[in-house]
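Here is the structure we will look at, set down as structure tokens.
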Amino acid sequence: MEGGMKLDRWGYEVRTSSDACISAINSYYHQVLSYGRNRSVILEAPESDPECVLGNILAAHFLCSADSSRAVPLINAAKSHLEHASSYEKAVFEAVMYLISPDRDDDLAVELHSKLCHVYQYECRFKEAVEFMNDCARSWSPLSSFMYTHNWWHVALCYLEGHAPMEKVRDIYDECIWKELERSGAVPVEVYLNAIGLLLRVYIRGGLDVFGDRLKNLANCLADEIIGASDEQLDVFTEVHISLLLDTGETLMAIQAIEKQLKKRDGAPFLWRLLEKAYSILGKEEAARCGEKARTLEATYFT
0 MEGGMKLDRW
10 GYEVRTSSDA
20 CISAINSYYH
30 QVLSYGRNRS
40 VILEAPESDP
50 ECVLGNILAA
60 HFLCSADSSR
70 AVPLINAAKS
80 HLEHASSYEK
90 AVFEAVMYLI
100 SPDRDDDLAV
110 ELHSKLCHVY
120 QYECRFKEAV
130 EFMNDCARSW
140 SPLSSFMYTH
150 NWWHVALCYL
160 EGHAPMEKVR
170 DIYDECIWKE
180 LERSGAVPVE
190 VYLNAIGLLL
200 RVYIRGGLDV
210 FGDRLKNLAN
220 CLADEIIGAS
230 DEQLDVFTEV
240 HISLLLDTGE
250 TLMAIQAIEK
260 QLKKRDGAPF
270 LWRLLEKAYS
280 ILGKEEAARC
290 GEKARTLEAT
300 YFT
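Under numbering that gives the first Met the number 0, the first residue of the sequence shown is numbered 0, with each subsequent residue one higher.
Rendered as structure tokens:
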């Protein structure tokens, strides 16, 4: 598939070389959000670039209720180029496919909220992620204990990484994760998994004083449990590893590890704080630059 990446109006990468395709997608966003009468503008996207996954799948979604036969070739076109699409396009494709499938699984479609949130989160768009998830939250009640608390784990993590007040993170933990244990049919081990995934991140950031005895209470619950973790929860151990390198004098190795993470997520304030600490240990002038970058990002998302 030829063509570079362009950014849509929200700043997300779309695999296309066509300005007309991006323009049609942006116009469609506007029409949908303003309840406009010209949503058919999205049909111009696949006309301008037949290989654009986002243009094809959004056009298919527009057509599926009124003219499903015209939607099929658009779906097939999107599917055939999915391998080269951006992570955002892949997430939208998967969500739309569940929404328009004749055998759609509503529960599974709801579970995809966390995948779309992960795209926002990975790109350090924390405020947008929280707004998106809060809009979706009313549909989560029927989900399993794991998916229900995992969706709220994403919300809490966005507040945490976006440097919102730690009390906000604590409130999500209390009201939306731990409180799941009070619901009929709750599966405790599934709640514990998301609880520990959040509290470990709070600990690494030095925020446990706001959480009182919550980590101790969770540890008591975990004494006789064996739980598994997804890659998302395991990411915290990268931060643990970096912190240990700094605490044991392996500062240069820590800097290498931090810079590797920054190549993926340079909008994460905590990574810049870790880099500031590393350069401070070495007495390097770069510490001031990293600290300023961290302060700028900390003031970006929820202030």
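Note that CB positions come from ideal geometry on N, CA and C, so glycine has one too. Keep in mind it's a predicted model, so treat the numbers as computed, not measured.
Quiz item: Which residue or residues does DSSP assign as beta-bridge partners of residue 6?
Solution: Position 7 of the sequence shown, counting from 1, holds the residue named residue 6. Answer by DSSP bridge pairing, in chain order: 12.
Quiz item: Under a three-way DSSP split, which group does residue 172 fall into?
Solution: Stepping through the sequence shown from its first residue, residue 172 is reached at position 173. Residue state for residue 172 is assigned as helix, using DSSP reduced to three classes.
Quiz prompt | residue 216, buried or exposed, once every other Cβ within 10 Å from all chains shown has been counted against 16 | solution = Translated into positions along the sequence shown, residue 216 becomes position 217. Counting every other CB atom within 10 Å of its CB across the protein chains shown gives residue 216 a total below 16, marking it as exposed.
Exercise. Locate the alpha helix (DSSP H) running through residue 220, then write down its first and last residues.
Key: One-based indexing of the sequence shown puts residue 220 at position 221. Its alpha helix (DSSP H) spans residues 213–221.
Quiz item: When the distance is taken between beta carbons, is residue 187 closer than 9 Å to residue 144?
Solution: In the sequence shown, the residue the question calls residue 144 occupies position 145. In the sequence shown, the residue the question calls residue 187 occupies position 188. In contact: residue 144 and residue 187 (Cβ atoms closer than 9 Å).
Quiz item: For residue 207, which of helix, strand or coil comes out of DSSP?
Solution: Position 208 of the sequence shown, counted from the first residue, corresponds to residue 207. Here residue 207 sits in helix by DSSP.
Quiz prompt | Within the segment 78–140, ranges of the alpha helix (DSSP H) (whole runs, at least 4 residues) | solution = Unbroken alpha helix (DSSP H) runs of no fewer than 4 residues, entirely contained in the segment 78–140, are found at 86–99, 105–110, 112–121 and 125–135, following chain order.
Quiz item: Cα separation between residue 16 and residue 46?
Solution: As a working note, residue 16 is residue 17 in the sequence shown. As a working note, residue 46 is residue 47 in the sequence shown. If I take the Cα positions, the gap works out to 13 Å.
Practice problem: Report, in whole angstroms, the separation of the C-beta atoms of residue 81 and residue 52, which I expect to be a contact under 8 Å. | Solution: Residue mapping note: residue 81 aligns to position 82 of the sequence shown, counting from 1. Residue mapping note: residue 52 aligns to position 53 of the sequence shown, counting from 1. The distance from the Cβ of residue 81 to that of residue 52 is about 6 Å, consistent with a contact at the 8 Å cut-off.
Quiz item: Mind checking residue 225: buried by the 16 CB within 10 Å criterion, or exposed?
Solution: Taking the first residue of the sequence shown as 1, we reach residue 225 at position 226. Note that residue 225 has pLDDT 48, beneath the 50 cutoff, so the model's placement of it is unreliable and the number below is only indicative. Residue burial is scored here from C-beta neighbours: residue 225 has fewer than 16 other C-beta atoms within 10 angstroms and is therefore classed as exposed.
Quiz prompt | Own chain residues within Cβ distance below 6 Å of residue 148, not counting five before or after | solution = As a first step, residue 148 is located in the sequence shown; it is residue number 149 there, counting from the start. These residues qualify, in order along the chain: 176, 179, 190 and 193.
Practice problem: Take residue 166 and list the residues in its own chain whose beta-carbon comes closer than 8 Å to its own, dropping the five residues that flank it on each side. | Solution: If you number the sequence shown from 1, residue 166 lands on position 167. Contacts found: 209.
Quiz item: So residue 90 and residue 54 are in contact, right, with Cβ under 8 Å, and what is the actual spacing, rounded?
Solution: By one-based count along the sequence shown, residue 90 stands at place 91. By one-based count along the sequence shown, residue 54 stands at place 55. Taking a contact as a CB-CB distance under 8 Å, the pair residue 90 and residue 54 does not count as one, their CB atoms being some 15 Å apart.
Quiz item: Measuring from the CB of residue 198, is there a heavy atom of the ligand SAH at a distance below 8 Å?
Solution: Within the structure as shown, the ligand SAH is missing, as the structure has no ligands at all.
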